[in-house]
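**Student:** Chains as they are written, first to last, in the numbering used here: chain F, 19 to 240; chain P, 22 to 425.
All residues carry an ideal CB built from backbone N, CA and C; glycine is no exception.
Remember, predicted model here, so these are calculated numbers, not experimental data.
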Amino acid sequence: MIQLSNIEKIYHTTTIETIALNHINISINKGEFVAIMGPSGCGKSTLLNIMGLLDAPTGGLITIDDQQVSSLSRKKLALFRNLKLGFIFQSYHLINDLSVIDNVELPLLYRKGISGAERRKRALEALEKVGLSARTKHYPNQLSGGQRQRVAIARAIIGNPEILLADEPTGNLDSAMGEEVMNLMLHLNKTDGTTIVMVTHDEQMAKKTQRIIHFFDGQQVS
Amino acid sequence: MLRKKYYTVLTLLGISLTIMVITVFASFIDQIVSANPPEINRDKTLILDKVSVYKDGKKTDAAPSISFLQKNIQQLQSTESISYFTTREFISFLHGKTTGHALKFTDENFWKITDFEFIEGKAFHLNEVKNGARVAVINEKTKAYFFNDSEALGKTIPIQGLSFTVIGVVKPASPFSKIYSDVYVPYTTDINIQLTDKAVEGTYNALLLAKTDDLRKVRAELRSLMKIKNRVSGADSVKVHAFTALEQFSKSSSFNDDEPEYGKTAIVVGIVLVLFMLIPAISLVNINVTRIGERAEEIGVRKSFGATSGNLVKQLVIENIIITLIGGLIGLGLSVYASQLLVHFVNTFDPLFKMPADSFVISWRVFGFCLFSCLLLGLISGVYPAWKMSRMNVIYALKGGNNL
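1. Please tell me whether residue 80 of chain P and residue 88 of chain P are closer than 8 angstroms, where the distance is taken between their beta carbons.
2. May I ask you to report which of helix, strand or coil DSSP gives residue 360 of chain P?
3. Quick one: does residue 480 of chain P have its CB under 8 angstroms from some CB of chain F?
4. Could you compute how far the alpha carbon of residue 424 of chain P sits from the alpha carbon of residue 108 of chain F?
5. For the alpha helix (DSSP H) that residue 96 of chain F lies in, which residues bound it at each end?
6. May I ask which residues mark the beginning and end of the beta strand (DSSP E) holding residue 183 of chain F?
7. Residue 108 of chain P and residue 123 of chain P look like a contact to me (Cβ under 8 angstroms); what is the Cβ gap, rounded to whole Å?
8. Between residue 62 of chain F and residue 126 of chain F, what straight-line distance do the alpha-carbon atoms span, to the nearest angstrom?
9. Which residue marks the beginning of the beta strand (DSSP E) containing residue 63 of chain P, and which one marks its end?
10. Name the residue from P:140, P:155 and P:138 whose alpha carbon lies nearest to the alpha carbon of residue 146 of chain P.
11. What do you get for residue 24 of chain F, buried or exposed, if any count of 16 or more other CB atoms within 10 angstroms of its CB means buried?
12. In three-state terms, what does DSSP make of residue 155 of chain P?
13. May I ask which residues mark the beginning and end of the alpha helix (DSSP H) holding residue 170 of chain F?
14. Is there contact between the region 401-419 of chain P and the region 348-357 of chain P, where contact requires at least three CB pairs shorter than 8 angstroms?
15. List the DSSP bridge partners of residue 238 of chain F.
16. Please report how far the alpha carbon of residue 127 of chain P lies from the alpha carbon of residue 220 of chain P, in whole angstroms.
17. Check whether the region 57-66 of chain P touches the region 179-190 of chain P, counting contact only when three or more Cβ pairs, one atom from each stretch, lie closer than 8 angstroms.
18. Who are the Cβ neighbours of residue 405 of chain P in its own chain at under 6 angstroms, not counting the five residues just before and after it?
19. With DSSP as the reference, please indicate the residues paired to residue 71 of chain P in a beta bridge.
20. Taking all protein chains shown into account, do 16 or more other C-beta atoms lie within 10 angstroms of the C-beta of residue 370 of chain P, making it buried, or fewer, making it exposed?
21. So residue 47 of chain P is in the alpha helix (DSSP H); what residue range does that whole segment cover?
22. If you draw a straight line from the C-alpha of residue 95 of chain P to the C-alpha of residue 170 of chain P, how long is it?
23. Using the C-alpha atoms, what's the distance from residue 222 of chain F back to residue 190 of chain F?
24. Determine which residues share a DSSP beta bridge with residue 109 of chain P and list them.
25. Is there a C-beta anywhere in chain P that falls below 8 angstroms from the one on residue 142 of chain F?
26. Using the rule of at least 16 other Cβ atoms within 10 Å of the residue's Cβ for burial, across every protein chain shown, is residue 33 of chain P buried or exposed?
27. Output needed in chain order: residues of the region 89-101 of chain F with a Cβ under 7 angstroms from some Cβ in chain P.
28. So, is the C-beta of residue 67 of chain F closer than 8 angstroms to a C-beta in chain P?
29. Would you mind sorting residue 132 of chain P into buried or exposed? The rule is 16 or more other CB atoms within 10 Å of its CB.
30. Determine contact between the region 46-64 of chain P and the region 193-200 of chain P, defined as no fewer than three beta-carbon pairs at a distance below 8 angstroms.
31. Residues of the region 305-328 of chain P in Cβ contact with chain F at a cutoff of 8 angstroms, in chain order, please.
32. My output table needs one value for residue 27 of chain F: the three-state DSSP class, helix, strand or coil.
33. Please report whether the beta-carbon of residue 30 of chain P lies at a distance below 8 angstroms from any beta-carbon of chain F.
34. For a test of your reading of the model: does the CB of residue 355 of chain P fall under 7 angstroms from any non-hydrogen atom of the ligand GTP? Yes or no.
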């Protein structure tokens, strides 16, 4: 499903060169739930951003769903993200000016041929999946951390992406809420067969996934 | 927009003040050049207001005398109607107060070429002009001044020591127009009239209403008439200058006083508009860069979920145009007060002549121009910040746009 070959990411400044990712080769299968672990600054979020086509690698090839995506134009990358990928961020990144349902609808705004009514219907379905159908008119700042993250998950899954990329999705939540969010992702992986790649610091959460990839200083260590 | 109140207020203030200035400016020009009532025939009416006399290698420019006009242009074939007029002034003493009034000496054709709305009575006709009848048509403001709310017809007003009977009351013309006056009387009552056969120079103007829209025909006929008639004046040659209101404006605002130069006028008007808009537009660009910069996270989120740069530019520019239109509407409202303030300011310079408070009228044309200016301002001030933001790196945008 996701094939990273020889991925390299180097940050250049006028004086120094920092290697964030050093020749990474990872293969993630369709329907797999993978956790990426490692200390802060080891390059795991950078890797997730590269997998999510939000950042470009300095070198190497990315293949997703048998398509080589490294050389796609900005516009095609945007379309690819919209159709194939869903993101869950540690700090939720909900738009505070939009209601819960409008936040959830957002990915479908950039998909052609979907009417407003259809968007609303699918947003309600997604919110039902995450157990928040009673909060559609609320605004993000009226919700708890766990609820916000569930809204973010609803937004990530509304477009039925094949891959979910989660960057420390439970990082800002207490253990009970974290557990709730983790169970939701496990459910999505199991019932919908969604491929999930999750960056986490939490070993307990990581153990619930099918595979753990360990990172250290920009390199895969296991 | 509502959450960033400071930027919204600042943006609206900038836009509304800019649109206010543009609207007053446009309204002023519209009244000078457009075919607004009562000057519905402006597009095919030439104003002959200058005659150049060439004699012994010297050129003298002046307004023509009425005798010169009557002898030389009366027989024009390409015109439907010709009217002569001159504008003077008279002072009235009422309730211990001195007030100045604009006085126009004219003829019966003046009322055919123009389309004044008569609130009371009627215009003067050929017989009254021929007989030098002391009759007057006054405008609403003058009626209110002399007679308050009571009917004016049949009453008299003192003009230069003589009594004139009011036979009509009209809605006023634009005070910026050549045909504006407080009082209109037959030119035959003008005691200063030049009746000598040889006088070319005088104080009179002529309104020439062309038969067709082709004004070149009238000018060509005028030129050929002048060739024949210049012997009468005793000059080597004589040239008359006849232009429409738009042409008058074009020549007065360009460097050549003889012929209208639309190109130069358009450039001058364009420069004035750009100057009005440039500084606010630059300020708005800066405000927008900051305002949109505060939405970097939102832009990062939208990009993550598939928004292209085009989607974002479109969204941000539309948002900016909406805010510009709101500011424009406020500016339009403010322009009404600003124009009154301007009239008040202008009136302080001359205690005798008072410009009416409703001198600036916002026509549909001005409204359209104002709308166009809003859109232009919205585009100018919105496109660059939107484009800049849309190109922002997603990762940095998600972190709040620290690389701006």
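**Tutor:** Taking the coordinates as given:
1. no
2. helix
3. Within the shown structure, residues of chain P are numbered from 22 to 425, placing residue 480 of chain P beyond reach of any answer.
4. Residue placement at residue 424 of chain P cannot be trusted, given a pLDDT of 47 that sits under 50; what the coordinates show is reported in the next sentence. Those two C-alpha atoms are separated by around 21 angstroms.
5. Start and end: 92-102.
6. 181-185
7. 6 angstroms
8. 28 angstroms
9. If you look at residue 63 of chain P, you'll find it isn't in any beta strand (DSSP E); DSSP assigns it neither H nor E.
10. Of the listed residues, the one whose Cα sits closest to residue 146 of chain P is P:155.
11. When all chains shown are included, residue 24 of chain F counts as exposed.
12. If DSSP states are grouped into helix, strand and coil, residue 155 of chain P belongs with coil.
13. 163-175
14. no
15. F:233
16. 19 angstroms
17. no
18. 306
19. P:262
20. exposed
21. 26-54
22. 41 angstroms
23. A direct Cα-Cα distance of roughly 15 angstroms separates residue 190 of chain F from residue 222 of chain F.
24. Residue pairing by DSSP places residue 109 of chain P opposite P:124 in a beta bridge.
25. Cβ-Cβ to chain P under 8 angstroms: no for residue 142 of chain F.
26. It counts as buried.
27. 92, 93, 96, 97, 99 and 100
28. yes
29. buried
30. The answer is yes - the region 193-200 of chain P touches the region 46-64 of chain P, with three or more Cβ pairs under 8 angstroms.
31. Answer in chain order: 318, 319, 321, 322, 323, 324, 325, 326, 327 and 328.
32. In this structure, residue 27 of chain F counts as strand in the three-state DSSP scheme.
33. no
34. Ligands are entirely absent from the displayed structure, and the ligand GTP is therefore not among its contents.
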